[in-house]
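For what it's worth, the numbering used here labels the leading residue of the sequence shown as 62, then goes sequentially.
Glycine included, every Cβ here is placed at the ideal spot set by N, Cα and C.
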Amino acid sequence: MSVWDDLDLLLDSPSSLTVKSSARGTVKDKANFKVEEDVSALRKAIEGVGTTEKTLIEVLTQRSNAQRQLIAKAYEKATGRKLAADLEGDTHGDFEDVLVALVTAPDIYDCQEVIKAIKGAGTTESTLTEIFASRSNRQIKALSEAYLAKTGKLLIHDLQSEVSGDYGKALLILAEGKRDESTNVDTAKAKADAKALYEAGEKKWGTDEGTFIDVLCHRSIPQLRQTLVEYKNISKKTLQESIESEMSGSMESLLVAVVKCVKNVPAYLAERLFRSMKGAGTTESTLTRIMVSRSEIDLLDIRAEYKKLFGSSIYSALESEVSGSYGDTLKRLCGQDD
Numbered sequence: 062m063s064v065w066d067d068l069d070l071l072l073d074s075p076s077s078l079t080v081k082s083s084a085r086g087t088v089k090d091k092a093n094f095k096v097e098e099d100v101s102a103l104r105k106a107i108e109g110v111g112t113t114e115k116t117l118i119e120v121l122t123q124r125s126n127a128q129r130q131l132i133a134k135a136y137e138k139a140t141g142r143k144l145a146a147d148l149e150g151d152t153h154g155d156f157e158d159v160l161v162a163l164v165t166a167p168d169i170y171d172c173q174e175v176i177k178a179i180k181g182a183g184t185t186e187s188t189l190t191e192i193f194a195s196r197s198n199r200q201i202k203a204l205s206e207a208y209l210a211k212t213g214k215l216l217i218h219d220l221q222s223e224v225s226g227d228y229g230k231a232l233l234i235l236a237e238g239k240r241d242e243s244t245n246v247d248t249a250k251a252k253a254d255a256k257a258l259y260e261a262g263e264k265k266w267g268t269d270e271g272t273f274i275d276v277l278c279h280r281s282i283p284q285l286r287q288t289l290v291e292y293k294n295i296s297k298k299t300l301q302e303s304i305e306s307e308m309s310g311s312m313e314s315l316l317v318a319v320v321k322c323v324k325n326v327p328a329y330l331a332e333r334l335f336r337s338m339k340g341a342g343t344t345e346s347t348l349t350r351i352m353v354s355r356s357e358i359d360l361l362d363i364r365a366e367y368k369k370l371f372g373s374s375i376y377s378a379l380e381s382e383v384s385g386s387y388g389d390t391l392k393r394l395c396g397q398d399d
C-alpha cells in the first residue's frame with residue numbers, strides 16, 4: 062500500500078489540506094537578539110586556533126534567516142570579509158554546505174540550487190521537480206529575480222536550453238510562477254477538468270500529455286483539490302495512480318510531485334526526506350535543502366507528516382543516518398520531535 066493512500070482519504074474534505082503559515086517553522090526570531098554579540102562569537106569561533114564548530118551551530122541554527130542576514134552584514138562590516146566565504150574557508154563537506162545555506166537568503170539559496178541543478182554534466186531533474194512543484198508563485202518569482210541578478214540572464218531562457226519534451230513544457234509553465242491563485246472553487250469546472258483528464262489518459266489509447274500539463278500546471282491549488290475528488294469519482298482510481306500507469310520518467314515524476322503538493326506539501330517533502338536517508342548512502346544535498354529551506358515555513362508539519370507516513374521521527378532518522386557537526390546542525394534545525 063502506498064504511503065499516500067491515507068492522504069487520498071482526506072480528499073473528501075479538500076479544505077482540510079490547507080497549507081499552514083510560516084508559524085509552522087521550527088526556527089523563529091531569537092528574542093533579545095544582539096547582532097554584535099553574535100558577530101563577536103562567530104569571529105572567535107572562526108579566527109581562533111581551530112574552528113569552534115559548536116558555536117557556529119548554536120548561533121546559526123537558533124536565529125531566523127532575517128537575523129542571519131543582519132549578522133552577515135555586520136560581520137562583513139567588522140572584518141571586511143564575507144561570512145559565507147569565511148565559513149567555506151574554515152569548514153568543509155556537508156557541514157560547510159549547510160552553514161553556507163543558513164547564511165544565504167531564501168530566494169538566493171533556491172536560485173543557487175537551481176543553478177547547481179542545470180549546470181555541469183547533465184541536469185538534476187529531481188531537484189528542479191522538487192523546487193518548482195513545491196514553491197509558491199511568490200517564491201518562484203523571488204527565485205527568478207535572484208537568478209537574473211546573479212547571472213544577468215532570464216531563468217526561463219536558461220531552463221529552455223536544459224529541459225525538453227513534455228517534462229520541459231510542464232516545468233517551464235511552473236517556472237513562470239503564474240499559477241492561478243484564486244481561492245474560489247468551481248465544482249462544475251473541476252468535474253469538466255476531471256473528465257478531460259480521464260479522457261486524455263485512461264480512456265484513450267496513448268496519453269494526451271498536453272491536457273495533464275494544462276490542468277495541473279495552471280489551475281489554483283483549491284481548484285485542483287476538488288478536481289482530484291471529481292477524478293476519483295469518475296475513474297475509481299486516484300489521479301496519481303492514473304499518472305503512474307500512463308506516464309514514465311521525468312514527466313511522471315513531475316506530475317506526481319505536483320499532485321502530491323496539491324494534496325499536502327509537507328507530506329511530499331517528508332517523503333523526499335525519507336528517500337534521501339533510505340537505502341545505500343544519504344543524499345545530503347536533498348536533506349540539506351529541505352531542512353534549511355523549510356525550517357521557517359512548515360518543518361513542524363513535515364515532522365508530523367513524516368511520523369504519520371513512516372512511523373518514526375525525522376530526528377531519530379537523522380541520529381542514525383548523519384553524524385558529526387553536519388548531523389548536529391540538522392538535528393538543531395529539526396528540534397526534538399519524539
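If we ignore side chains and look at the alpha-carbon of each, how far apart do residue i and residue j end up?
i, j, result
"residue 116", "residue 332", "31 Å"
"residue 225", "residue 128", "40 Å"
"residue 349", "residue 123", "16 Å"
"residue 251", "residue 89", "38 Å"
"residue 212", "residue 174", "14 Å"
"residue 132", "residue 138", "10 Å"
"residue 339", "residue 155", "18 Å"
"residue 375", "residue 396", "9 Å"
"residue 82", "residue 359", "Note that residue 82 scores a pLDDT of 39, beneath 50, so its modelled location is shaky; the value from the coordinates is reported in the next line. If I take the Cα positions, the gap works out to 7 Å."
"residue 383", "residue 147", "24 Å"
"residue 343", "residue 390", "16 Å"
"residue 140", "residue 190", "39 Å"
"residue 69", "residue 240", "Residue confidence for residue 69 is low, a pLDDT of 44 falling below 50, so the modelled location carries little weight; the figure read from the coordinates is stated next. Rounded to whole angstroms, residue 69 to residue 240 spans 23 Å at the Cα level."
"residue 268", "residue 259", "10 Å"
"residue 279", "residue 238", "10 Å"
"residue 231", "residue 201", "15 Å"
"residue 308", "residue 92", "50 Å"
"residue 95", "residue 87", "20 Å"
"residue 368", "residue 142", "42 Å"
"residue 256", "residue 300", "11 Å"
"residue 222", "residue 233", "11 Å"
"residue 162", "residue 130", "12 Å"
"residue 304", "residue 205", "29 Å"
"residue 337", "residue 351", "10 Å"
"residue 134", "residue 178", "28 Å"
"residue 203", "residue 216", "11 Å"
"residue 101", "residue 326", "38 Å"
"residue 192", "residue 169", "13 Å"
Give me the residue from the options with the minimum Cα distance to residue i.
i, options, result
"residue 157", "144, 169, 167 and 136", "144"
"residue 296", "97, 340, 261 and 149", "261"
"residue 311", "277, 358, 257 and 228", "228"
"residue 167", "196, 367, 389 and 323", "196"
"residue 235", "212, 339, 275 and 214", "275"
"residue 385", "153, 396 and 264", "153"
"residue 393", "206, 300 and 119", "119"
"residue 209", "258, 176, 367 and 159", "176"
"residue 185", "142, 93, 336 and 347", "347"
"residue 43", "114, 309, 330 and 162", "This structure gives no information on residue 43, because the portion of the chain shown stretches from 62 to 399."
"residue 194", "362, 351, 321 and 368", "321"
"residue 388", "361, 369 and 345", "345"
"residue 97", "109, 136 and 337", "136"
"residue 180", "308, 220, 207 and 151", "220"
"residue 114", "256, 207, 149 and 94", "149"
"residue 281", "205, 293, 299 and 324", "324"
"residue 84", "99, 125 and 100", "125"
"residue 242", "170, 218 and 199", "199"
"residue 277", "298, 254 and 188", "254"
"residue 159", "233, 121, 327 and 301", "121"
"residue 328", "130, 370, 257 and 215", "370"
"residue 109", "151, 204, 313 and 99", "151"
"residue 187", "373, 398, 334 and 361", "334"
"residue 270", "298, 302, 313 and 294", "313"
"residue 306", "170, 218, 165 and 263", "263"
Taking 6 Å as the cut-off, does the CB of residue i come closer than this to any heavy atom belonging to the ligand SAM?
i, result
"residue 208", "Questions concerning the ligand SAM fall outside what the structure shown contains, since it holds no ligand whatsoever."
Completely contained alpha helix (DSSP H) runs for the stretch 135–198, where each covers 4 or more residues
144–151, 154–163, 167–179 and 186–195
Inter-stretch contact (C-beta, 8 Å, three-pair minimum) for the stretch 314–324 and the stretch 352–367:
no
Evaluate contact between the stretch 278–286 and the stretch 232–251, counting only Cβ atoms and requiring at least three cross-stretch pairs below 8 Å.
yes
Please give the ranges of any alpha helix (DSSP H) in the stretch 226–262, keeping only runs that are unbroken, at least 4 residues long and fully inside the region.
At a cut-off of 4 residues, the continuous stretches assigned as alpha helix (DSSP H) that sit fully inside the stretch 226–262 are 226–236 and 248–261.
Is it true that the stretch 368–381 meets the stretch 95–114, where meeting means three or more beta-carbon pairs spaced less than 8 Å apart?
The stretch 368–381 makes no contact with the stretch 95–114, as fewer than three CB pairs between them are under 8 Å.
Ordered list of alpha helix (DSSP H) runs contained in the stretch 291–339, each at least 4 residues
300–307 and 310–338
Runs of 4 residues minimum, wholly inside the stretch 88–122: which ones carry the alpha helix (DSSP H) assignment?
Those alpha helix (DSSP H) runs which fall completely within the stretch 88–122 and span 4+ residues are 96–108 and 114–122.
Jot down the residue ranges of each uninterrupted alpha helix (DSSP H) in the stretch 342–397, minimum 4 residues, whole runs only, in chain order.
345–354, 360–371, 375–382 and 385–395
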